[in-house]
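**Q** For what it's worth, this note's numbering labels the leading residue of the sequence shown as 110, then goes sequentially. First the structure, which I've put down as structure tokens, then a few questions once you've had a look.
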Amino acid sequence: MAPVLNSAESASVIEMLFRLGVALLLSLSLALLLAWGWDSSDTVTAQQPATANGPIIQPAPLH
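Here it is as structure tokens:
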């Protein structure tokens with residue numbers, strides 16, 4: 110037989126589940142934002158290859 114919860118206990122269970130849902134929603138939102146930011150930063154560098162413009166520095170001769 111299932112235990113019967115009074116109104117105070119059921120309210121605390123509902124509040125706990127609500128807070129758990131909010132925490133899960135915020136965590137997933139942050140993960141999606143970080144993944145989107147990471148992905149968008151990768152596409153910028155992939156479209157513009159890095160080039161070295163300037164004189165080539167020769168290493169000093171060994172004595």
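Built from N, CA and C at the ideal position, the CB exists for glycine as well.
Have a look at isoleucine 166 and alanine 132 and give me their C-alpha separation to the nearest angstrom.
**A** 54 Å
**Q** Could you check the C-alpha separation between arginine 128 and serine 136 for me, to the nearest Å?
**A** 12 Å
**Q** Can you look up leucine 139 in the DSSP assignment and give me helix, strand or coil?
**A** helix
**Q** Return helix, strand or coil for isoleucine 166, following the three-state DSSP convention.
**A** Isoleucine 166 falls in the coil class under three-state DSSP.
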